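A.B. asks: The structure's right below; bear with me while I get my questions together.
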Amino acid sequence: MYRADHPQHGTVAVKVLREKLRSDKTAVARFLREASYGTRVLHPNVVRTIEIGQAGPGLHFLATEWASGELLERYAKRHAPLPPAEVVAIVEQIAAAVHAAHSAGIIHRDLKPDNLMYDPATKQVKLLDFGIAAQTDLSPDERLTRAGFFVGTLMYVAPEALSGQLVTAAADQYSLATIAYYLLSGCLPYTAKSQREMFTQLLSQPPVPLLASRKALDVSPGVESVVMKGLSRDPTGRYPDTLSFANEFRAAVDAPPARKDGLFGRVRSFLHRDDKA
8 MYRADHPQHG TVAVKVLREK LRSDKTAVAR FLREASYGTR VLHPNVVRTI EIGQAGPGLH
68 FLATEWASGE LLERYAKRHA PLPPAEVVAI VEQIAAAVHA AHSAGIIHRD LKPDNLMYDP
128 ATKQVKLLDF GIAAQTDLSP DERLTRAGFF VGTLMYVAPE ALSGQLVTAA ADQYSLATIA
188 YYLLSGCLPY TAKSQREMFT QLLSQPPVPL LASRKALDVS PGVESVVMKG LSRDPTGRYP
248 DTLSFANEFR AAVDAPPARK DGLFGRVRSF LHRDDKA
């Protein structure tokens with residue numbers, strides 16, 4: 008990826024194929040497919056595709072808008088756990104960007120903080136990369152992957168992508184819920200110490216409950232409930248779409264704290280009334 012000046016659009020990001028891949032027909036096809044997906048998804052939270060071209064034999068390039076800020080992964084590593092209000096703002100923007108992709112018939116399949124640019128000054132998020140996205144109008148046979156093989160990043164990939172099931176838009180929601188979990192806690196839903204162990208846990212175990220991931224976490228049970236529903240191992244157990252997840256997440260974060268009644272609260276209320284007598 009390079010930073011460059013475009014005669015009409017000013018500063019842009021330019022992506023080109025590595026030299027060793029320029030004669031690889033599969034790599035070229037993937038590159039051009041990624042470029043075409045970018046032209047189909049038009050949304051304020053998705054980097055805008057400016058130009059696709061070929062500067063010479065095999066030298067295909069993709070120019071996109073230059074997104075200010077830093078990778079969300081780097082920001083989160085320094086600052087997580089983030090305040091729930093900040094996480095809501097981030098999650099809502101990612102959800103809107105991914106929903107726009109789904110509406111255009113595209114499943115992202117590699118949603119993670121490393122594919123998101125975040126500007127802390129403006130609180131704006133931009134989705135960067137459609138490198139391994141898939142079209143929903145392909146036949147099931149074309150979209151299936153063999154059990155034991157997957158595309159994406161293991162820490163954020165949905166369990167169904169590992170078991171040879173048909174990956175749908177629900178897989179992107181799972182990845183979004185993982186991002187929310189990570190931003191809220193600074194931890195991931197699984198505690199595996201190796202790729203092999205992570206693979207096994209994803210296929211056979213439920214994720215660690217959010218409130219158990221870290222001591223004294225500033226997260227309500229309602230917020231935990233929404234995140235864990237988004238992390239359901241069964242895709243049908245998740246929300247209908249990413250916007251529904253984001254809306255429920257916002258409602259849970261904004262909900263007033265639960266009243267601490269019970270016996271102590273009733274005794275305190277009785278004493279308070281007695282003092283007024």
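So the sequence shown is numbered by our numbering: it starts at 8 and just counts up by one.
Idealized CB from N, CA, C, for every residue including glycine.
The model shown is predicted, which means the values in this text are computed figures rather than measured ones.
1) So, using beta-carbon positions, are A253 and A102 closer together than 7 Å?
2) Which residues in the same chain as G229 place their Cβ atom closer than 6 Å to its Cβ, once the five residues preceding and following it in sequence are excluded?
3) Give the DSSP bridge partners of T18, in chain order.
4) For G76, does the three-state DSSP call read helix, strand or coil?
5) According to DSSP, is K133 part of a helix, a strand, or is it coil?
6) Find out if the Cβ-Cβ distance for the pair D179, L238 is shorter than 7 Å.
7) Using only the alpha-carbon positions, how far apart do D225 and E58 sit?
8) Kindly indicate the opening and closing residues of the beta strand (DSSP E) around D179.
9) By DSSP, does Q100 sit in helix, in strand, or in coil?
10) Based on DSSP bridge pairs, tell me the residues matched to G60.
11) For Y125, which residues of its own chain have a beta-carbon under 6 Å away from its beta-carbon, when the five flanking residues on both sides are left out?
12) Quick one: Cα of L66 to Cα of E26, how far?
13) Among Q100, V23, A199 and S227, whose alpha-carbon lies nearest the alpha-carbon of P214?
14) Less than 6 Å between C-beta atoms, sequence neighbours within five positions excluded: which residues of the same chain meet that for T152?
15) Would you kindly check if the distance between the Cβ of S182 and the Cβ of Y197 is under 7 Å?
16) Can you grab the Cα-Cα spacing for the pair T160 / A176, in whole Å?
17) Report yes if the C-beta distance between A74 and F68 is below 7 Å; otherwise report no.
18) Could you say which of Q172, P127 and G60 lies nearest to P90 if we only look at CA atoms?
19) Below 6 Å CB to CB, which residues in the same chain sit around A184 once its five sequence neighbours on both sides are set aside?
20) Apply the 10 Å Cβ neighbour rule to L46 and answer buried if 16 or more other Cβ atoms are within range, or exposed otherwise.
21) For V53, which three-state DSSP category applies?
22) I'd like the list of long-range same chain contacts for L28, defined as Cβ closer than 6 Å, with 5 residues on each side in sequence excluded.
C.D. replies: Taking the structure as given:
1) The residue labelled residue 253 in the question sits at position 246 within the sequence shown. The residue labelled residue 102 in the question sits at position 95 within the sequence shown. Yes, the Cβ-Cβ distance between A253 and A102 is below 7 Å.
2) On the sequence shown, residue 229 is found 222 positions in, with the first residue counted as 1. Scanning its chain for C-beta atoms nearer than 6 Å, with the 5 sequence neighbours on each side dropped, one finds around G229 the residues A259 and A262, in chain order.
3) Indexing the sequence shown from 1 puts residue 18 at position 11. According to DSSP, which records beta bridges pairwise, T18 is partnered with D12.
4) In the sequence shown, the residue the question calls residue 76 occupies position 69. The answer is coil: DSSP assigns G76 none of H, G, I, E or B.
5) The count along the sequence shown starts at 1 and reaches residue 133 at position 126. Note: K133 maps to strand in three-state DSSP.
6) Counting from 1 along the sequence shown, the entry for residue 179 is found at position 172. Counting from 1 along the sequence shown, the entry for residue 238 is found at position 231. No. Outside cutoff.
7) The residue labelled residue 225 in the question sits at position 218 within the sequence shown. The residue labelled residue 58 in the question sits at position 51 within the sequence shown. Each residue's Cα considered, the two are about 44 Å apart.
8) Taking the first residue of the sequence shown as position 1, residue 179 is located at position 172. It is not in any beta strand (DSSP E) - D179 instead sits in the alpha helix (DSSP H) that spans A176 to S192.
9) The residue you call residue 100 lines up with position 93 of the sequence shown. Note: Q100 maps to helix in three-state DSSP.
10) Within the sequence shown, the letter at position 53 stands for residue 60. Beta-bridge pairing links G60 to F68.
11) Stepping through the sequence shown from its first residue, residue 125 is reached at position 118. Excluding residues within five positions, the ones whose Cβ falls inside 6 Å are G76, L79, Y82 and V132.
12) Within the sequence shown, residue 66 is the residue found at index 59, counting from 1. Within the sequence shown, residue 26 is the residue found at index 19, counting from 1. Straight-line spacing of the CA atoms in L66 and E26 works out to 8 Å.
13) As a working mapping, residue 214 is identified with position 207 in the sequence shown. Among Q100, V23, A199 and S227, the Cα nearest to that of P214 is on A199.
14) As a working mapping, residue 152 is identified with position 145 in the sequence shown. Interpretation of T152 is limited by its pLDDT of 43, a score under 50 that renders its predicted location unreliable; the figure taken from the coordinates is listed afterwards. Closer than 6 Å at Cβ, skipping near neighbours: no residue.
15) Residue mapping note: residue 197 aligns to position 190 of the sequence shown, counting from 1. Residue mapping note: residue 182 aligns to position 175 of the sequence shown, counting from 1. Cβ atoms of Y197 and S182: not closer than 7 Å.
16) Position 153 of the sequence shown, counted from the start, is the residue given in the question as residue 160. Position 169 of the sequence shown, counted from the start, is the residue given in the question as residue 176. In this structure, the straight-line span from the alpha carbon of T160 to that of A176 is close to 16 Å.
17) Within the sequence shown, residue 74 is the residue found at index 67, counting from 1. Within the sequence shown, residue 68 is the residue found at index 61, counting from 1. No, Cβ-Cβ distance for A74 and F68 is not below 7 Å.
18) Locating residue 90 in the sequence shown gives position 83, where the first residue counts as 1. Selection Q172, P127 and G60 evaluated against P90 yields P127 as nearest (Cα-Cα).
19) Counted from its first residue, the sequence shown places residue 184 at position 177. Only V234, G237 and L238 meet the Cβ criterion.
20) In the sequence shown, counting from the first residue as 1, residue 46 sits at position 39. It should be noted that the sequence gives Thr, not Leu, for residue 46. Result: exposed.
21) On the sequence shown, position 46 is the one that residue 53 refers to. The three-state reading of DSSP puts V53 in strand, counting E and B together.
22) One-based indexing of the sequence shown puts residue 28 at position 21. Apart from sequence neighbours up to five positions away, the residues of its chain that approach L28 with a beta-carbon distance below 6 Å are A34, ordered along the chain.
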